[in-house]
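J.: Below is one structure. I have some questions about it.
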């Protein structure tokens, strides 16, 4: 059976058929030394991998990978959270369409919506989409700060108004 490191190299080779063959006897629930499973790795390296997102994520899920599994080290973030963090519109939309948990919380209690507010740079796409899928703007993290409160705290008028629609 191949290790996760060998599988990651196959993924970077951008050959879907060969990749599918290489994971035939692979334990899809494995994590690398950084606490990432293959879905986390794919999202964090999305720009370097030419295999279409829907095909590869469907392949992971068909083999039993939980779309809501979290990293087992560091911040314990879900795939959706990581997709928001790396600002991938395509991945965020796809994961939400595939029923990823919209309010998954990391080790600090932060949600993808909280991260979208932190990342806000004048494009409301992530905030709007997460709210459309039912993200809770008043869900507090372990420090008592909700995405809505964060939006008001960072003193950005544009961000504040996104929560008052």
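Residue numbers (our numbering): 880 to 1044. Here a beta-carbon is modelled for each residue, glycine too, at the ideal position from N, C-alpha and C. Here the structure is a predicted model, which is why all the values come from computation and not from measurement.
#1: In the DSSP assignment, find the alpha helix (DSSP H) that holds residue 937 and state where it starts and stops.
#2: Tell me, which residues are paired with residue 1003 by DSSP?
#3: Less than 9 Å between the C-beta atoms of residue 1026 and residue 992, yes or no?
#4: Ignore the nearest five residues each way along the sequence and tell me which others in residue 906's own chain have a CB closer than 8 Å to its CB.
#5: Output the distance between the C-alpha atoms of residue 972 and residue 1008, rounded to the nearest integer angstrom.
#6: Considering only DSSP beta bridges, list what residue 881 is partnered with.
#7: Could you check what DSSP says for residue 949 in three-state terms: helix, strand or coil?
#8: Any idea if residue 903 is buried or exposed, counting beta-carbon neighbours within 10 angstroms, 16 or more meaning buried?
T.: Well, looking at it:
#1: Translated into positions along the chain shown, residue 937 becomes position 58. First-last of the alpha helix (DSSP H) with residue 937: 932 to 941.
#2: Residue 1003 sits at position 124 when you count from the first residue of the chain shown. Note: residue 1003 sits in no beta bridge, so no partner.
#3: Within the chain shown, residue 1026 is the residue found at index 147, counting from 1. Within the chain shown, residue 992 is the residue found at index 113, counting from 1. Closer than 9 Å, so yes.
#4: Within the chain shown, residue 906 is the residue found at index 27, counting from 1. Counting only Cβ-Cβ distances below 8 Å, and skipping sequence neighbours, we find 880.
#5: Your numbering for residue 972 matches position 93 in the chain shown. Your numbering for residue 1008 matches position 129 in the chain shown. For residue 972 and residue 1008, the distance between alpha carbons rounds to 8 Å.
#6: Translated into positions along the chain shown, residue 881 becomes position 2. According to DSSP, residue 881 bridges with nothing at all.
#7: Here residue 949 is taken as the residue at index 70 of the chain shown, counted from 1. Strand at residue 949.
#8: Counting from one through the chain shown, the residue named residue 903 turns up at place 24. So residue 903 counts as exposed.
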